[in-house]
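K.L.:
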Amino acid sequence: MDNFFFHTPTKVYFGKDEELKVGKLIREYNAKKVLIHYGGGSQEKSGLLSKVRKCLKEEGISYVELGGVKPNPELSLVREGIKLCKEEGVDFILAVGGGSVLDSTKDIANGVANPDVDVWEFSLGTKSPEKTLNKGVILTLAAAGSEMSNSCVITDLDNNDKRGYGSQMNRMDFAIMNPELTYTVSKYQTACGAVDIAMHTMERYFCLGEDTYLTDSIAEAVMKSAIKSGMDAYNNPTDYAARANMMWASSLAHNGLTQCGRTFLLTVHQFEHEVSGMYPDVAHGAGLAALWCSWARYVYKASIDRFCQWAKNVWNVDTDFEHKEACIEKAINMQEDYYKKLGMPTNLKELNVKEEDLETLALKCSRNKTRTLPGYMPLSYENILDIYKMAYNA
Ligand code: NZQ
Ligand code: ZN
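Be aware that the sequence shown starts at 649, since it is given in the numbering used here, and climbs by one per residue.
1. Tell me the rounded alpha-carbon separation between Arg727 and Cys941.
2. What does the alpha-carbon distance come out to for the pair Lys680 and Glu706?
3. Please state whether the Cβ-Cβ distance between Lys659 and Phe919 is less than 9 Å.
4. Give me the residue from Asn903, Phe912, Ala881, Pro1026 with the minimum Cα distance to Cys855.
5. Could you check how far apart the C-beta atoms of Ala874 and Ala846 are, in whole angstroms? I think they sit under 8 Å.
6. Run through the DSSP bridge pairs and tell me what Leu787 is partnered with.
7. Relative to the C-alpha of Ala689, which candidate in Leu683, Leu697, Val682 has its C-alpha closest?
8. By Cβ distance, which residues of its chain are closer than 6 Å to Gly814, with the 5 residues on each side in sequence left out?
9. Could you tell me the boundaries of the beta strand (DSSP E) in which Tyr813 lies?
10. Is any heavy atom of the ligand NZQ found at a distance shorter than 8 Å from the C-beta of Gly687?
11. Counting beta carbon pairs with one atom in the region 663-683 and one in the region 722-741, are three or more of them shorter than 8 Å?
12. Which same chain residues, not among the five before or five after Glu735, have their C-beta less than 8 Å away from its C-beta?
13. For Glu778, which residues of its own chain have a beta-carbon under 7 Å away from its beta-carbon, when the five flanking residues on both sides are left out?
14. Classify Asn807 as buried or exposed, calling it buried when 16 or more other Cβ atoms lie within 10 Å of its own Cβ.
15. How far does the alpha helix (DSSP H) with Lys681 in it reach, from first residue to last?
16. Can you grab the Cα-Cα spacing for the pair Tyr686 / Asp764, in whole Å?
17. Is Ala792 near the ligand ATP, going by C-beta to nearest heavy atom under 8 Å?
18. Taking Ile802 as part of the beta strand (DSSP E), name the residues at either end of that continuous run.
19. Nearer than 8 Å: is that true of the beta carbon of Ala931 relative to any heavy atom of the ligand NZQ?
20. Where are the beta strand (DSSP E) runs, 3 residues long or more, that stay fully inside the region 974-1027, in chain order?
21. Given a cut-off of 9 Å, decide if Gly759 and Val767 are closer than it, judged by their beta-carbon atoms.
22. Using a threshold of 8 Å, is the CB atom of Leu1011 nearer than that to any non-hydrogen atom of the ligand NZQ?
23. Mind checking whether the beta-carbon of Asp844 lies closer than 8 Å to any heavy atom of the ligand NZQ?
24. Taking the alpha-carbon of Asp1005 as reference, which of Asn893, Asn884, Leu1033, Ala743 has the nearest alpha-carbon?
25. Using only alpha-carbon positions, find the residue among Val801, Val930, Phe770, Lys775 that is nearest to Ser748.
26. Can we say the region 933-952 touches the region 1023-1040, given the rule of at least three CB pairs closer than 8 Å?
27. Cβ-heavy atom distance between Gln907 and the ligand NZQ below 8 Å?
28. Does the contact criterion of 3 or more C-beta pairs under 8 Å hold for the region 1015-1033 versus the region 970-984?
29. Among Pro721, Leu683, Tyr948, which one has its Cα closest to the Cα of Leu714?
30. For Lys659, does the three-state DSSP call read helix, strand or coil?
31. I'd like the span of the beta strand (DSSP E) that includes Ser710, first residue to last.
32. Consult DSSP for Glu722 and reduce its assignment to one of helix, strand or coil.
33. Go to Asn1031, then tell me how far its alpha helix (DSSP H) extends in each direction, as first and last residue.
34. In terms of DSSP beta bridges, what is Phe969 paired with?
35. From the DSSP output, in three-state form, read off Phe654 for me.
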């Protein structure tokens, strides 16, 4: 078991009506002016934004607003947000939305607090934020896990580059999670969320690491709960138990708990970020579903025991009597069937990715052939291209 650092400082307020506490919570940070940051209209329609404005007014907290965050949040809006915060003297940002609003919030907070650095340098990894603004979220979509993660993913549309960076500055101060706020999430986005949540922990599970049986058990429970709650919420959008378990799984899958003692790189995420970077209409979860099974089929022979453990403990495949490879292939097929039942794509063609773009995707993912993705089977440019081709033809 490797050494590790674990610190998830986000305060979680979970359950029905918890969003009504937002004014009082922000007051604890002595905020002079708040930026309410949100997406493209779902929260105006749901009435949540009206409630938030009322709560802030009741506490005498002044605020400005910036909406318009798009899925796969854009650098240009981040820059606009930084400018607005500086002009208005904003010292607290409240995200009202899902992963895209959260990441836009994190990047704005880092940009405002580190005025001498161009914010895109954080995404490129050439600079790290040393300070940040206080920030909280009212989560409206269980998916990205950004509400408790140390990660921030932004897209520079001018260059079709989507980049994530990790930093403790990216941790939210608080996260309000009322599962009822996710009842209005569409079936498609619910399915994307189910894929992404399970994937955050699956990816950690398949990173290098030994003797992490406690972490493994937690990870297997998170994966199974995400699979079940995702399907239940997809079939019945107002099933409180499903929405609640899905929401909590979203946070635990990506707050670092399921990587303790293992190395960490979300490999298939690296593949996916190139796809939704180049095709901004692709939802992150759908991109992951289109790629994961091809990746698994390509690499599993390098870690037969690990994949076998997953087949047995997550998909209940009886691994005692059958050949190990047959068990693994069965479990990968079960994972693929699950995606199909959720209406998710299982190949890149379904996402309208063009065959002639596969090489560019592989070049970007390998950072122009300078990066090999580590893992039980390290993946160079050639391997990455093979996997994109497999996922195209799957
Ligand atoms: O924009 P609005 O109108 O609010 O609509 C959104 C958006 O169209 C809608 N939505 C959100 N809550 C809703 C709702 N619709 C109805 N009812 C509600 N209650 O859902 C759509 C998708 O929202 P988005 O925030 O884009 O989805 P998600 O939470 O999946 O976030 C995806 C982004 O997060 C990044 C992804 O790459 C992608 O850019 N990720 C961030 C991570 C992190 N920071 O830790 C980790 C992830 O792996 C991921 O990469
Ligand atoms: Zn993800």
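The beta carbon of each residue, even a glycine, is placed where N, CA and C say it ideally should be.
P.N.:
This is what the structure holds:
1. What you label residue 727 is simply residue 79 of the sequence shown in a count that begins at 1. What you label residue 941 is simply residue 293 of the sequence shown in a count that begins at 1. Rounded to whole angstroms, Arg727 to Cys941 spans 37 Å at the Cα level.
2. Taking the first residue of the sequence shown as position 1, residue 680 is located at position 32. Taking the first residue of the sequence shown as position 1, residue 706 is located at position 58. Each residue's Cα considered, the two are about 14 Å apart.
3. Stepping through the sequence shown from its first residue, residue 659 is reached at position 11. Stepping through the sequence shown from its first residue, residue 919 is reached at position 271. No, Cβ-Cβ distance for Lys659 and Phe919 is not below 9 Å.
4. Taking the sequence shown and counting its residues from 1, one reaches residue 855 at position 207. In this structure, Phe912 is the residue among Asn903, Phe912, Ala881, Pro1026 with its C-alpha nearest to the C-alpha of Cys855.
5. On the sequence shown, residue 874 is found 226 positions in, with the first residue counted as 1. On the sequence shown, residue 846 is found 198 positions in, with the first residue counted as 1. About 4 Å; that satisfies the 8 Å criterion.
6. Counting from 1 along the sequence shown, the entry for residue 787 is found at position 139. Per DSSP, Gly745, Met825.
7. One-based indexing of the sequence shown puts residue 689 at position 41. First, the amino acid is wrong: residue 689 is Gly here, not Ala. Each of Leu683, Leu697, Val682 was checked against the Cα of Gly689, and the nearest Cα belongs to Leu697.
8. As a working note, residue 814 is residue 166 in the sequence shown. Closer than 6 Å at the Cβ level, and outside the excluded window around Gly814, lie Asn798, Ser799.
9. Mapped onto the sequence shown, residue 813 falls at position 165. 809-814 is the span of the beta strand (DSSP E), which, as asked, contains Tyr813.
10. Sequence index remark: in the sequence shown, residue 687 carries index 39 (1-based). Between the ligand NZQ and Gly687, a heavy atom-to-CB distance of less than 8 Å is present.
11. Contact annotation: the region 722-741 touches the region 663-683, with at least three C-beta pairs closer than 8 Å.
12. Position 87 of the sequence shown holds residue 735. Here the set comprises nothing.
13. As a first step, residue 778 must be located in the sequence shown, where it is residue number 130. Close CB contacts of Glu778 within its chain, under the 7 Å cut and outside five residues either way in sequence, are with Asn762 (chain order).
14. For the purposes of this step, residue 807 is identified with residue 159 of the sequence shown, where counting begins at 1. So Asn807 counts as exposed.
15. Working through the sequence shown from its first residue, we reach residue 681 at position 33. No alpha helix (DSSP H) holds Lys681; the beta strand (DSSP E) holding it covers 681-686.
16. Counting from 1 along the sequence shown, the entry for residue 686 is found at position 38. Counting from 1 along the sequence shown, the entry for residue 764 is found at position 116. Whole-angstrom Cα-Cα distance: 26 Å.
17. Of the ligands one can find in the structure shown, namely the ligand NZQ and the ligand ZN, none is the ligand ATP.
18. Locating residue 802 in the sequence shown gives position 154, counting from the first residue. 799-804 is the span of the beta strand (DSSP E), which, as asked, contains Ile802.
19. Walking along the sequence shown from the start, residue 931 turns up at place 283. In this structure, Ala931 has its CB closer than 8 Å to one or more heavy atoms of the ligand NZQ.
20. Within the region 974-1027, no run of beta strand (DSSP E) at least 3 residues long lies entirely inside it.
21. Counting from 1 along the sequence shown, the entry for residue 767 is found at position 119. Counting from 1 along the sequence shown, the entry for residue 759 is found at position 111. Yes, they are a contact pair.
22. On the sequence shown, position 363 is the one that residue 1011 refers to. No, since every heavy atom of the ligand NZQ falls outside the 8 Å radius drawn around the Cβ of Leu1011.
23. For the purposes of this step, residue 844 is identified with residue 196 of the sequence shown, where counting begins at 1. Yes, the ligand NZQ has a heavy atom inside 8 Å of this Cβ.
24. One-based indexing of the sequence shown puts residue 1005 at position 357. Cα-wise, what sits closest to Asp1005 is Leu1033.
25. Within the sequence shown, numbered from 1, the residue matching residue 748 stands at position 100. Here the closest residue by C-alpha is Val801.
26. The region 933-952 is in contact with the region 1023-1040.
27. Stepping through the sequence shown from its first residue, residue 907 is reached at position 259. Taking non-hydrogen atoms of the ligand NZQ into account, the C-beta of Gln907 is found less than 8 Å away from none of them.
28. Touching, no, given that fewer than three Cβ pairs across the two stretches are closer than 8 Å.
29. Residue mapping note: residue 714 aligns to position 66 of the sequence shown, counting from 1. Of Pro721, Leu683, Tyr948, the residue nearest in Cα terms is Leu683.
30. As a position in the sequence shown, residue 659 is number 11, starting the count at 1. In the displayed model, Lys659 falls within a strand according to three-state DSSP.
31. On the sequence shown, residue 710 is found 62 positions in, with the first residue counted as 1. Annotation for Ser710: the continuous beta strand (DSSP E) segment containing it runs 710-714.
32. Translated into the one-based positions of the sequence shown, residue 722 becomes position 74. Glu722 falls in the strand class under three-state DSSP.
33. Residue 1031 sits at position 383 when you count from the first residue of the sequence shown. Unbroken alpha helix (DSSP H) run through Asn1031: 1029-1041.
34. As a first step, residue 969 is located in the sequence shown; it is residue number 321 there, counting from the start. DSSP output for Phe969 lists no bridge partner at all.
35. As a working mapping, residue 654 is identified with position 6 in the sequence shown. Looking at Phe654 - three-state DSSP - the assignment turns out to be coil, as it is neither helix nor strand.
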